[in-house]
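Residue numbering for the sequence shown follows the UniProt record's numbering, starting at 1 and increasing by one per position. Data block below; observations after.
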Amino acid sequence: MPAPSVISNSRSKKRKKPKPEAASVDGEGGATSNKLQKLNKDTAEAGGSPVNAFLRAWAWKREPLPDRYKYDLPYVHKFVSGGQEGSLTIQQKRFKETGFASTVWDSSIVLAKYLERWQEALVRGKRCIELGAGCGLVGICAARFGAGSVVLTDLPGNLSLLERNRSGNSTQDTQVSELVWGADVAHLEAPFDVVFATDVIYDGSVIHQLVATLIKLSNERTRILIAYGRNRWAEKEFMDAIQLDFDVVEVGRELLDSVYACDDVKMLSLTRLARRTPT
Ligand SMILES: C[S@@+](CC[C@H](N)C(=O)[O-])C[C@H]1O[C@@H](n2cnc3c(N)ncnc32)[C@H](O)[C@@H]1O
């Protein structure tokens with residue numbers, strides 16, 4: 001966490017050590033979050049001075065955090081929906097042989113905040129599915145924003161943490177389901193209204209399976225939202241693989257949440273092209 005070292009608190013002479021209950025980067029859970037709340041408030045009061053805006057834009061990012069915040073402590077995510085404040089507690093774990101699913105990646109926060117901003121139009125009442133959900137932040141947020149239903153999917157070895165986060169955040173109409181990209185999706189009742197995936201463009205060897213799954217889960221009315229951060233080693237393969245079947249636009253920075261956006265996270269919106277007729 002780079003921000004706390006530059007935050008001063010004049011009343012903090014006898015401040016107790018923060019309790020390590022939750023690794024919040026989003027406004028709650030101990031002294032760190034108090035500092036971040038103060039930082040957010042200061043920035044708003046400063047009328048968005050460039051220095052404060054810079055700090056605010058950095059304060060939520062998780063990739064520079066020490067490992068215990070990324071793996072050992074839960075991540076607490078705050079949001080507003082229907083005029084009410086809410087929060088999710090997302091459990092994390094150290095990486096094992098099951099890959100990189102067990103921490104909350106920055107791009108999932110960017111997409112979750114984008115959904116929060118546009119929840120009425122994008123999520124409410126919609127049938128949603130998340131691919132490679134990891135800890136499940138995006139899909140669980142969608143459920144809290146009034147999705148009609150949400151399926152959180154991942155590789156078999158990552159489902160227990162996903163289920164723990166699903167049930168621990170008392171989301172209605174959500175289920176966890178195994179989905180290895182490229183595999184049969186008959187059990188999922190496609191097409192969906194919305195498909196989400198974050199930080200899944202890093203392994204070129206599974207890009208064709210991922211795109212095959214996007215095709216199976218969608219029709220021309222499905223909105224597919226894909227966000228990814230610095231781990232984008234297979235971006236070219238992905239763009240090549242989708243070009244015949246999908247229209248793709250990059251979601252402009254002005255449409256993202258003004259704080260929860262950054263230069264190293266990109267978001268794409270994909271729409272299926274009408275089925276080509278053989279010539
Ligand atoms: C970097 S993690 C991102 C997790 C989560 N979406 C996030 O942004 O916090 C990549 C995710 O893709 C999943 N994944 C990787 N290869 C997969 C495959 N072949 N089929 C299904 N899921 C896969 C991983 O299990 C993991 O959950």
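Heads up, the beta-carbon is just placed ideally off N, CA and C, and yes, glycines get one too. A quick note: this is a predicted structure, and the numbers were derived from the prediction, not measured.
Asked: C-beta atoms of D203 and A234 nearer than 7 Å; Found: yes
Asked: Run of the beta strand (DSSP E) containing D193, from where it starts to where it stops; Found: D193 -> no beta strand (DSSP E), and no H or E assigned at all.
Asked: Inter-stretch contact (C-beta, 8 Å, three-pair minimum) for the stretch 158-165 and the stretch 184-192; Found: no
Asked: Spatial distance of R166 from I140 (CA atoms); Found: 7 Å
Asked: Inter-residue spacing [alpha-carbon to alpha-carbon] between I207 and A241; Found: 8 Å
Asked: Element boundaries [beta strand (DSSP E), containing D247]; Found: 246-250
Asked: Spatially closest choice to I109 from V76, R68, V180, D247, by CA coordinates; Found: V76
Asked: Separation of M239 from D247, as counted between CA atoms; Found: 11 Å
Asked: Environment of V6 [buried if 16+ CB atoms lie within 10 Å]; Found: Unreliable placement is indicated for V6, whose pLDDT of 25 sits below 50; the coordinate value is still reported in the next sentence. Result: exposed.
Asked: Any non-hydrogen atom of ligand 1 closer than 6 Å to T198 Cβ; Found: yes
Asked: Contact test: W60 Cβ vs ligand 1 heavy atom, cutoff 6 Å; Found: no
Asked: 6 Å CB neighbourhood of K113 in its chain, flanking five on each side removed; Found: D257, Y260
Asked: Inter-stretch contact (C-beta, 8 Å, three-pair minimum) for the stretch 138-155 and the stretch 111-130; Found: yes
Asked: Residue span of the alpha helix (DSSP H) that contains T213, given as start and end; Found: 207-217
Asked: Collapsed DSSP secondary structure at R272 in the structure displayed; Found: strand
Asked: Assigned secondary structure, L65 (DSSP; H/G/I helix, E/B strand, else coil); Found: coil
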